[in-house]
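**Student:** This structure is in C-alpha cells; I'll ask about it shortly.
6 protein chains.
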Amino acid sequence: MKDIYIADLSAFEDGKLFDGFFLVLGKQHRTTKQNKPYLNLVLGDKTGQIESRVWDPGDPRIAREFERGDLVKVRGCIQRFDDRMQLKVDQLRRAQTGEADKMDMLPATARDVGELWRELEKSVASLTNPHLKTLLEALLGDAAIARAYREAPAARQLHHAWLGGLLEHVVSLLGLAERVAAHYPMLDRDLLISGVVLHDIGKIRELEWEMGFDYTVEGVLLGHIQMGVDLVEKTITSLPGFPDRLCTLVLHMILSHHGKLEFGSPKLPMIPEALVLNFLDDLDAKMQAAAIEFERCAREGRAADELTGKVWALDQRQLLNTKAWLKESGK
Amino acid sequence: MKDIYIADLSAFEDGKLFDGFFLVLGKQHRTTKQNKPYLNLVLGDKTGQIESRVWDPGDPRIAREFERGDLVKVRGCIQRFDDRMQLKVDQLRRAQTGEADKMDMLPATARDVGELWRELEKSVASLTNPHLKTLLEALLGDAAIARAYREAPAARQLHHAWLGGLLEHVVSLLGLAERVAAHYPMLDRDLLISGVVLHDIGKIRELEWEMGFDYTVEGVLLGHIQMGVDLVEKTITSLPGFPDRLCTLVLHMILSHHGKLEFGSPKLPMIPEALVLNFLDDLDAKMQAAAIEFERCAREGRAADELTGKVWALDQRQLLNTKAWLKESGK
Amino acid sequence: MKDIYIADLSAFEDGKLFDGFFLVLGKQHRTTKQNKPYLNLVLGDKTGQIESRVWDPGDPRIAREFERGDLVKVRGCIQRFDDRMQLKVDQLRRAQTGEADKMDMLPATARDVGELWRELEKSVASLTNPHLKTLLEALLGDAAIARAYREAPAARQLHHAWLGGLLEHVVSLLGLAERVAAHYPMLDRDLLISGVVLHDIGKIRELEWEMGFDYTVEGVLLGHIQMGVDLVEKTITSLPGFPDRLCTLVLHMILSHHGKLEFGSPKLPMIPEALVLNFLDDLDAKMQAAAIEFERCAREGRAADELTGKVWALDQRQLLNTKAWLKESGK
Amino acid sequence: MKDIYIADLSAFEDGKLFDGFFLVLGKQHRTTKQNKPYLNLVLGDKTGQIESRVWDPGDPRIAREFERGDLVKVRGCIQRFDDRMQLKVDQLRRAQTGEADKMDMLPATARDVGELWRELEKSVASLTNPHLKTLLEALLGDAAIARAYREAPAARQLHHAWLGGLLEHVVSLLGLAERVAAHYPMLDRDLLISGVVLHDIGKIRELEWEMGFDYTVEGVLLGHIQMGVDLVEKTITSLPGFPDRLCTLVLHMILSHHGKLEFGSPKLPMIPEALVLNFLDDLDAKMQAAAIEFERCAREGRAADELTGKVWALDQRQLLNTKAWLKESGK
Amino acid sequence: MKDIYIADLSAFEDGKLFDGFFLVLGKQHRTTKQNKPYLNLVLGDKTGQIESRVWDPGDPRIAREFERGDLVKVRGCIQRFDDRMQLKVDQLRRAQTGEADKMDMLPATARDVGELWRELEKSVASLTNPHLKTLLEALLGDAAIARAYREAPAARQLHHAWLGGLLEHVVSLLGLAERVAAHYPMLDRDLLISGVVLHDIGKIRELEWEMGFDYTVEGVLLGHIQMGVDLVEKTITSLPGFPDRLCTLVLHMILSHHGKLEFGSPKLPMIPEALVLNFLDDLDAKMQAAAIEFERCAREGRAADELTGKVWALDQRQLLNTKAWLKESGK
Amino acid sequence: MKDIYIADLSAFEDGKLFDGFFLVLGKQHRTTKQNKPYLNLVLGDKTGQIESRVWDPGDPRIAREFERGDLVKVRGCIQRFDDRMQLKVDQLRRAQTGEADKMDMLPATARDVGELWRELEKSVASLTNPHLKTLLEALLGDAAIARAYREAPAARQLHHAWLGGLLEHVVSLLGLAERVAAHYPMLDRDLLISGVVLHDIGKIRELEWEMGFDYTVEGVLLGHIQMGVDLVEKTITSLPGFPDRLCTLVLHMILSHHGKLEFGSPKLPMIPEALVLNFLDDLDAKMQAAAIEFERCAREGRAADELTGKVWALDQRQLLNTKAWLKESGK
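Protein chains in written order, with our numbering: chain A, 38 to 368; chain B, 38 to 368; chain C, 38 to 368; chain D, 38 to 368; chain E, 38 to 368; chain F, 38 to 368.
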C-alpha cells in the first residue's frame with residue numbers, strides 16, 4: 038500500500054511533486070515573524086520523520102479537520118536548505134480506512150519483543166522474596182499494563198526512542214544488575230532487581246505513542262517518577278500483607294533513581310540498592326549512547342582515527358572507538 | 038508536678054546537683070574519638086531543650102531500658118563551655134505514670150488553635166468549585182487527619198517548629214493568597230486556595246511529634262511532597278466524579294511548590310497558580326524569618342542601628358529593622 | 038501618508054518591488070565571512086520591524102548620509118528563508134519633511150497614558166511620610182523627567198518594550214504592593230510605594246527611544262540602577278531637611294531591587310521593604326510573561342491542551358493555561 | 038600610661054586578676070542558649086584584640102553606660118579553651134580623660150604615611166589629561182577627604198586592615214599599573230592611574246575606624262562602590278567643563294572594578310582600562326596575601342618544605358614558598 | 038615493649054600522668070591567638086592517633102631535636118573537652134634503639150597482603166594482549182615499585198587509609214571490572230583491567246607512609262595522576278615495540294579516571310574503557326563508604342531504624358541499612 | 038600559479054563556475070537528515086577558508102582518493118545563504134607536483150619569525166640560574182623542537198591561530214612577565230621566565246598544522262599540558278645534576294597554568310610564580326582579544342560609540358574602545 042517512505046525522499050529532486058501516506062506527528066498553528074499564519078507539521082513513518090509546511094492553510098485543497106495522530110495523504114514536494122530538507126505541502130486529506138497501515142508508521146525495536154518479555158519474566162520468576170515477586174507478577178500480569186510495557190518507547194527522543202524501547206532498556210539493565218549484585222554481598226538482590234523492573238514504569242503513562250512519541254499533558258505536569266510511584270503504590274495497596282517497610286523501600290527506589298535533585302528525583306538514593314540502581318541506569322545509558330554513536334560513524338564511513346560527533350548523553354563529549362583505532366594501527 | 042524547667046537551668050551553678058522530669062528527644066549511642074562509649078541525649082520540655090551526656094552508660098543508676106519519646110526523671114548537674122551549657126546525667130529512670138505530664142514537654146503555638154482552625158474552615162467554605170470543596174472537606178473532615186493537621190509542627194526546626202505550626206503557617210498564607218488572587222484575574226482562586234491548604238499536608242506523615250520533633254524513616258525516604266500527593270490522590274480516588282484534569286492540577290500544585298528541582302520539587306511550576314503558590318510560600322517564610330529575628334534582637338536589647346544576626350532562611354544575610362532604625366533617628 | 042506597514046509585508050510576494058517609509062532602528066556596517074561589505078539595517082514602524090540588507094552600499098541609489106533614527110524612504114522587495122523574512126533594499130533616501138510622521142513609527146502601550154499617570158499621582162498623593170511625598174512630587178513634577186517617565190519603554194525588548202511601558206509596569210506593581218503592604222503590618226508602606234515608583238526610574242537614562250528602543254552607551258557602562266540612584270540622590274540633595282537615614286533606605290531599595298548580585302544588584306535586599314519589592318517585581322514580571330504567552334497561543338489558535346512555547350522570563354519553561362484547559366474538559 | 042597590652046596577655050596565667058585600659062571594639066547583648074543575658078565584648082589596642090565576657094551585666098561594678106568606641110578600664114582575668122583565650126571581666130568603667138591615649142588603641146601601617154602620600158601626589162602630578170588631574174587634585178585637596186584617605190584601613194579585616202591601609206594598597210597598585218600601562222600602548226594610562234586612585238575611595242565612607250574597624254550601617258546598605266561613585270560624581274559636577282564621556286568612563290572604572298557581578302560590581306569591565314584595573318587589583322591582593330602568609334610561617338618557624346596554612350584570598354589554597362624551598366635544598 | 042596504646046587512653050582519667058611510646062605523625066610550631074608559641078603534635082600508633090600539645094616548648098624536659106616520623110617517649114596526661122580528648126605533654130624525648138617497634142605504629146589492612154598480591158598477579162597473568170601484560174609485569178616486577186604497591190595506603194585519610202590500602206582497593210575493583218567487562222562486548226577487557234591496576238599507581242609517589250600518612254611536597258605540587266602517568270610512560274619507553282596508540286590509551290585511562298575536570302582529571306574519559314573505569318572507581322568508593330558506615334553503626338549499637346551519620350563520600354548524605362531495617366521489622 | 042584566493046570569492050557571482058587550487062582542511066563523509074551521503078569539505082588557503090559541498094560523491098569527476106592535507110584543484114561555484122557563502126564542488130582532483138605551492142595555503146604571523154626567535158633567545162640568555170638556562174637551551178637547541186616552536190599556531194582557532202602564533206604569544210608574554218617580575222621582589226624571575234617559555238610547549242604535539250590547524254588524536258586524549266610536561270621531563274632526565282626540586286617546580290608551572298581545575302589544569306597554582314603566570318597568560322589573552330576586536334570594528338567602519346561584537350574570550354561581553362570614543366567626542 039505505502040510505496041513512498043520518508044527514507045526515500047532524500048533521493049527526490051527539489052520541487053518535484055509526489056503523493057504519499059504519512060502519520061501526523063505534530064501539528065501547530067504558527068505565524069511567521071510578520072504574522073502570516075501557516076501550519077507547521079511533522080510527518081513521519083517508521084523510517085523517519087520530516088518537517089513539513091502548509092503555507093496557505095486556507096487553501097480548499099487542505100483538509101480543515103485533521104489532528105496529530107491521523108493518517109493523511111499529502112501531495113507536495115521537497116525543498117532543501119543546505120543539508121536540511123522540508124516538505125512543502127500543497128494538498129492534504131485524511132486517509133480513508135484501508136488506504137494505509139498504522140504499523141508502517143512508527144519505528145520499533147529490532148529485538149524480538151516476545152523474547153525480551155520472556156527474559157523479563159525469567160528475572161521475575163527468579164525472585165525469592167514472595168512479596169516482591171507477587172508485586173511484579175501483579176503488575177506485569179495486568180493485561181493493559183503488560184501491553185503498554187511491551188510497546189512503550191523509553192523516551193520521546195534520545196535513548197531507546199522506539200516501540201519496545203522501554204522493555205529493551207530494562208532487560209539490558211537486568212543483566213548488568215545481576216552481575217553487580219553478585220559482587221556486593223551487602224545488596225538485597227531481589228530489591229535491586231525489582232527496582233530495575235519498576236524504575237521507569239511510569240513512562241507508560243508519561244508518554245504516548247499512538248500518534249508518534251510525545252509526553253501526555255499529565256506526564257508533563259506530574260512526571261514518570263510520580264506516575265510510577267502512584268501505579269506501584271496502588272497495586273501494593275491491593276496486595277494483602279505487603280510489608281510497609283518493603284513498600285517504602287520500593288517507592289524510594291523509584292523516587293531516587295535519577296540520582297540528583299536537579300535531575301528530577303525528589304530524594305537522593307539513601308539505601309545501597311538505590312545507589313546501585315542509579316549508577317547502573319546512568320552507566321548503561323552512556324554505554325548505549327556510545328555504541329549507537331560508533332555504529333553511526335561506521336555507517337557513515339568515518340576513519341578510525343576520527344572522533345565521533347558530540348554525544349548528548351555524555352555532555353556533548355566526543356568519543357574514540359578504542360577497538361577500531363587499535364585495529365587500524367595493527368594493520 | 039514539674040517544678041524545674043529547661044529555661045530555669047541557665048541560672049543554676051555549675052556542678053550543683055538537681056532532679057527533674059524531661060522528655061527524651063534524642064538518644065544516641067556514641068563513642069568518643071578514643072572509642073569510649075557514652076550516651077548522647079537531648080532532653081527537653083516545652084521551654085526548650087538541652088544536650089545531655091551519660092558518660093558511663095554502664096552505671097547501675099542509669100536505666101537500661103528507655104527510648105526516645107519516654108518521660109524520664111534525671112539527677113545531674115549543669116556544665117558550661119563558654120556560652121554553651123550541657124547536662125551531665127548521673128542518674129536516670131523512666132517516669133512513673135502520673136509523675137509527669139506530656140503536655141508540659143513540647144513547645145506549642147501561641148495562637149488559639151481552635152480559632153486558626155475556624156479560619157481554615159472559613160476559607161474552605163468560601164470555595165465555589167464543588168469538587169475542590171468536597172476534596173478539602175473530605176480531608177479535613179477525617180478525624181485522624183484533622184487532629185494531625187492541628188497538632189503538626191511545620192518543620193523539625195527552623196520555621197514554625199512547634200505544635201500547631203503547620204496550621205499557623207497555612208492560615209497566614211491563606212490571607213496573602215486571597216489578596217494576590219484578587220489582583221490577578223487570570224488566577225483560578227479556588228485552585229490557589231486549595232493548593233495553600235494542601236501543599237504541606239504530607240508533613241503530617243513526614244514528621245513525628247509525639248517524642249519531640251523529628252522525621253520518620255518513611256519521611257526521610259519519601260518526603261512530604263510524595264506523602265502529600267499520595268494522601269490527596271487516595272482521597273480523590275474515593276470521590277466519585279472528581280475530574281481527572283482537576284486532580285492532575287491539584288497534584289501538580291503540591292509537587293511543584295518548592296519551585297526548583299534542587300529544592301526537592303520533581304516538577305517546576307507550570308501553571309500560574311503553582312507559580313504564585315511557590316512565590317508566596319517563599320516570601321512568607323522569609324518575612325516570618327525576618328519578624329522572628331527582629332523580635333529576638335528587641336528581646337536581647339540590641340541597638341536599632343545594629344544589624345541582626347545571620348538569618349538562615351535568607352542565605353545567612355543580616356537585616357536591618359527599618360521602622361526601628363527610622364524611629365530612633367527621629368527622636 | 039504612510040500606506041505600507043511592516044505588518045502588511047507578510048502578504049507580499051517574494052521579489053515584488055514596493056516603496057515605503059520606515060524608521061531606521063539599526064544600521065551596521067558588516068562584511069560577509071568572505072569580507073564583502075554590506076549594510077545590515079533594521080527598519081521599523083509601529084506595527085513591527087524587519088531585518089533589511091543593502092548588499093551593495095556603494096550603489097549611487099543608496100544615500101551616503103543617513104543614521105539610526107532617521108526616517109527613510111526605501112524601494113526593495115521581500116525575500117523569504119523558511120519562516121524568516123528579509124527586506125532587500127535597492128534604493129534608499131532620507132524622507133523629506135512632511136513625507137512621514139514619527140508617531141507612526143514606534144509601538145506604544147494600549148492603555149491610556151493620562152489615566153496611568155493619574156493612578157501614579159494618586160499613589161503619590163496617598164503617602165503620609167512628608168519627605169517621601171516631597172521627593173516623589175519633586176521628581177515627577179520635573180517636566181523633563183515626567184515626560185520621559187510617561188514615554189519610556191520598560192525594556193529594549195522582552196517585557197513592556199513599548200512607549201509607556203515603564204509607566205504601565207509601575208502602575209501594575211503599585212496595585213500589588215498596596216495589597217501586600219496591607220497584609221504585613223511590619224512593612225513601612227510609604228517606603229515600599231516609593232520604592233515601586235523609583236526602582237526603575239534610571240531607565241529613562243539607560244534607554245533611548247527616539248530612534249527605536251536601545252541602550253545608550255552611558256546606559257551600557259553604568260546601568261539603570263546606578264543612573265536611578267544618581268537621579269534620586271541629586272534630587273534629595275536639593276530637598277532641605279530630607280533625613281539621611283531615609284535617603285539611605287530609598288537608595289538601598291533601588292540598589293537591591295534585582296535581588297541577587299548576579300542579576301546586577303550590588304547589594305542584596307536587607308530591609309523587609311526591599312525584600313518585598315524584589316519579590317513582587319519578579320512575580321509580576323513572570324505573571325505578565327505568562328499572560329502574554331497565553332494571549333499569543335489563543336491568537337495562534339492552539340488547542341487548550343497544548344503547552345505554550347518556551348517562556349524566556351521563566352527560564353524557558355513551558356506553561357499550561359489552567360482555565361482554558363479545565364474549561365475545555367468541562368464541555 | 039598604658040602598661041598592659043593585649044599582646045602581653047598570652048603570658049598571663051589563667052584566673053590571675055589584672056587591670057588594663059582598652060578600646061571597646063564591640064559590645065553586644067547576648068543570651069546563652071538557655072536565655073541568660075550576658076555581654077559579649079571585643080576589647081582591643083594596637084597590638085591586637087581579645088574576646089571578652091561580662092557574665093553578670095547587672096553587677097554594680099559593671100558600668101551601665103559605655104559603648105563601642107569608648108576607652109574603658111577593666112579588671113578581669115584570662116581564661117583558656119585549648120588554644121583560644123578569653124577575658125572574663127569582673128569590673129569595668131569608662132576611662133577618665135587623660136587616663137589612656139587613643140593612639141595606643143588601633144593597629145597602623147608600618148610605612149611612613151607622609152611618604153606614601155607623596156608617592157600618590159607624584160602620580161597625580163604626572164597626569165597629562167587636565168580634567169583627570171583637576172578631578173584628583175580636587176578630591177585629594179579636600180582636607181576632610183585627604184585626612185580620611187590617609188587614615189582609612191583598606192578593609193575591616195583580611196587585607197590591609199590597619200590605619201593607612203587604603204593608602205598603602207593604592208600606592209602599591211600604582212607601581213604595578215604604571216608598568217603594565219607601559220606594556221600595552223592600547224591603554225589610556227591617565228584613565229588607568231585615575232581608576233587606581235579612585236576605585237576604593239568609597240571605603241572612607243563604608244568603613245569607620247574611630248572605634249575599631251567596622252562597616253557603617255550606610256556602608257552595609259549602599260557599599261563602597263556606590264559611595265565612591267557618588268563622591269566622585271558630586272566632585273565632577275562641581276568642575277566646569279569636565280567632559281561627559283570621561284565622567285562616564287571614570288564612574289565605570291569604579292563600578293566594575295570587582296570584575297564580576299557576584300563580587301558586587303553591578304557592571305562588568307567593558308573598556309580595556311577597567312579590565313586591567315580589575316586584574317591588577319585581584320593579582321596584587323593575592324600576592325599580598327601570599328607574602329603575609331609566608332611571613333607568618335617564617336615567624337612561626339615552619340620548615341621550608343611545609344606548606345602554608347589555607348589562604349583565604351586564594352580560596353583556602355595552601356602555598357609553597359619557592360625561594361625558601363629551593364634555598365634549603367641548595368644547602 | 039609497647040604497653041600503652043592510643044586505644045587505651047579513653048579509659049584514663051583526666052590529669053593522671055602516664056608514659057608511652059608513640060610515632061610523631063605531625064609537628065607544627067604554632068602560636069595561640071595571643072602569640073604565645075606552642076607545639077601542636079599528632080601522636081599515633083596502629084590503634085589510632087591523638088592531638089597533643091606542648092604548651093611550653095622551651096621546657097628543658099622537652100627534646101629540642103625531634104621530627105615528624107620519629108619514635109618518641111612522652112610523659113603527659115589526658116585532657117577532655119566534651120567528647121574530644123587531648124594529650125598534654127610534659128616531657129618528651131626520642132626513643133632509643135630497641136625501645137619501641139615501628140610495626141606497632143601504623144594501621145594496616147586486615148586482609149592478607151600476600152594473598153591480595155596473588156590475586157593481582159592472577160589478573161595480570163590472564164591478560165592476552167602481550168604488550169599490556171609485559172607492561173604490568175615490568176612495573177610489578179620492579180622490586181621497589183612492588184614493595185611500595187603492597188605497602189601504600191590508598192589515601193591520607195578517608196577511604197582505605199591504612200598500609201596495604203591501595204592494593205586492597207585495586208583487587209576489589211578488579212573483581213567488579215571483570216564482571217562488567219563480561220557484560221559489554223564493546224569493551225577491550227585487557228585495557229580495562231590494565232587501567233584498574235595502573236590508575237592509582239602514582240599514589241606510591243604522591244603519598245608517604247613511613248612517618249604516618251601524608252602527601253609529599255612533590256605529591257602536592259604534581260598529584261598522583263601526573264606521577265602515575267610519568268611512571269608508566271617511562272616504563273613503556275623502556276619496552277621495545279610497545280605500540281604508540283596503546284600507550285596513548287593507557288595514559289588516557291590514568292589521566293581521565295577522576296571523570297571530571299573539577300575532580301582533577303585534565304581530560305574527560307573519551308573511550309568506553311575509561312568511562313567504565315571512572316564509573317566503577319566511583320561506585321566502589323561509595324559502596325565501601327556505605328559498608329564502613331554500616332559497620333560503625335552496628336559497633337555503636339544504633340537501632341536499625343536510625344539513619345547513619347553523614348557520609349563524606351556521599352556528599353554528607355545519611356544512609357539506611359536496608360537489610361537490617363527489613364530484618365528488624367520481620368521479627 | 039595560484040591565481041584565485043579565498044578572499045577573492047566574495048566578489049564572485051552565485052552560480053558562476055571557476056577553477057582554483059586549495060588545501061583540504063577538512064573532509065567528512067556526512068549524510069543529510071534523509072540519509073543521502075555527501076562530502077563536507079573545508080577548503081582553504083592563506084587568505085581564509087570556505088565550507089564546501091560535494092553533493093554527489095559518486096560522480097566520476099570527483100576523485101576517489103584524496104585526504105585532508107592534500108592540495109586539490111576544484112571546479113565549482115559560489116552559493117549564498119544570506120551572509121553565508123558555500124562552495125558547491127562539481128569536479129575535484131589532487132594537484133600535480135608543481136601545480137600549487139603549500140606556502141600559499143596557510144595563514145601566518147605578520148611578524149618576522151626570525152626576530153621573534155631572537156627575542157626569545159635573548160630572554161633565555163638573560164637567565165642566571167644555570168640549570169634553567171641549560172634546560173631551555175637544550176629544548177630550543179633541538180632542531181625538531183625549534184622548528185616546531187617557530188611554526189606552531191597557538192590554537193586551532195580563536196587566539197593566535199596562525200603559523201608562528203605560539204612564538205608570537207610567548208614573546209608578548211615575556212615582555213609582560215619581565216615587568217611584573219621587577220615589581221615583586223618575592224618572585225624568582227628565572228623560574229617565571231622559564232614558565233612563560235615552557236607553559237604551552239606541549240602544543241607542538243597537541244596541534245598539527247601541516248594540513249590546516251587541528252588537534253592530533255593523541256592531543257585530544259592527552260592534552261598539551263600533559264604533553265608539555267612529558268617533553269620537559271624527558272629533557273630534564275637527560276641533564277645531569279638538574280635539581281629535583283627545581284624540576285618539580287617547573288613541571289608545576291606547566292601543570293597549573295590554566296589556573297582552575299575546570300579549565301583543565303590538574304593542579305591549582307601553589308607558588309607565586311605559577312600564580313603570576315596564570316594571571317598574565319589570562320590577561321594577555323583578553324587584551325589581545327580586545328585589540329583584535331577593535332581592529333575588526335575599525336576595518337568594518339563602525340562608529341566610535343558603537344560597542345564591539347560579543348567577544349568570546351571575555352564571556353561574550355561587548356567592549357567599548359576608550360580612546361576612539363573619547364577622541365570622537367573631542368572633535
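Glycine included, every Cβ here is placed at the ideal spot set by N, Cα and C.
So which of Val126(F), Lys53(F), Lys360(F) has the shortest CA-CA distance to Pro222(D)?
**Tutor:** For the residues Val126(F), Lys53(F), Lys360(F), the minimum Cα distance to Pro222(D) belongs to Lys360(F).
**Student:** Between Leu228(C) and His236(D), what straight-line distance do the alpha-carbon atoms span, to the nearest angstrom?
**Tutor:** So the two alpha carbons sit approximately 31 angstroms from each other.
**Student:** Say whether chain C places a C-beta atom closer than 8 angstroms to the C-beta of Glu310(D).
**Tutor:** For Glu310(D), the answer is no, since every Cβ of chain C falls outside 8 angstroms of its Cβ.
**Student:** Is it right to say Gln325(C) is buried, meaning 16 or more other beta carbons lie within 10 angstroms of its own, or is it exposed?
**Tutor:** That one is buried.
**Student:** Strictly below 8 angstroms CB to CB, what residues from chain A border Ser89(C)?
**Tutor:** Those do not exist, as Ser89(C) stays about 13 angstroms from chain A at its closest Cβ, beyond 8 angstroms.
**Student:** CA-CA distance, Ala350(B) and Gly260(F)?
**Tutor:** In a straight line, the C-alpha of Ala350(B) is about 44 angstroms away from that of Gly260(F).
**Student:** Look at the Cβ atom of Ala183(A), then the Cβ atom of Leu276(A), and state whether they are nearer than 8 angstroms.
**Tutor:** No, Cβ-Cβ distance for Ala183(A) and Leu276(A) is not below 8 angstroms.
**Student:** Relative to the C-alpha of Phe55(B), which residue among Ala189(B), Val150(B), Lys125(B), Leu314(B) is closest?
**Tutor:** Nearest of Ala189(B), Val150(B), Lys125(B), Leu314(B) to Phe55(B), Cα basis: Lys125(B).
**Student:** From what residue to what residue does the alpha helix (DSSP H) around Tyr75(F) run?
**Tutor:** That residue, Tyr75(F), is in no alpha helix (DSSP H); its beta strand (DSSP E) goes 74 to 82.
**Student:** Run through chain A and tell me which residues come within less than 7 angstroms of Lys360(B), C-beta to C-beta.
**Tutor:** Residues of chain A passing the Cβ test: none, with the nearest at roughly 38 angstroms.
**Student:** Going straight from the alpha carbon of Ser163(B) to that of Leu292(C), what length do you get?
**Tutor:** Roughly 41 angstroms between the two C-alpha positions.
**Student:** Decide yes or no for the touch test of the segment 297 to 314 of chain F against the segment 303 to 314 of chain D: beta carbon pairs closer than 8 angstroms, at least 3 of them.
**Tutor:** In short, these stretches do not touch, since the Cβ pair count stays below three.
**Student:** Using alpha carbons as the reference points, say which of His206(B), Pro167(B), Ser366(B), Val234(B) lies closest to Gly278(B).
**Tutor:** Of His206(B), Pro167(B), Ser366(B), Val234(B), the residue nearest in Cα terms is Pro167(B).
**Student:** Do you know offhand how far Lys139(F)'s Cα is from Gly202(F)'s?
**Tutor:** For Lys139(F) and Gly202(F), the distance between alpha carbons rounds to 18 angstroms.
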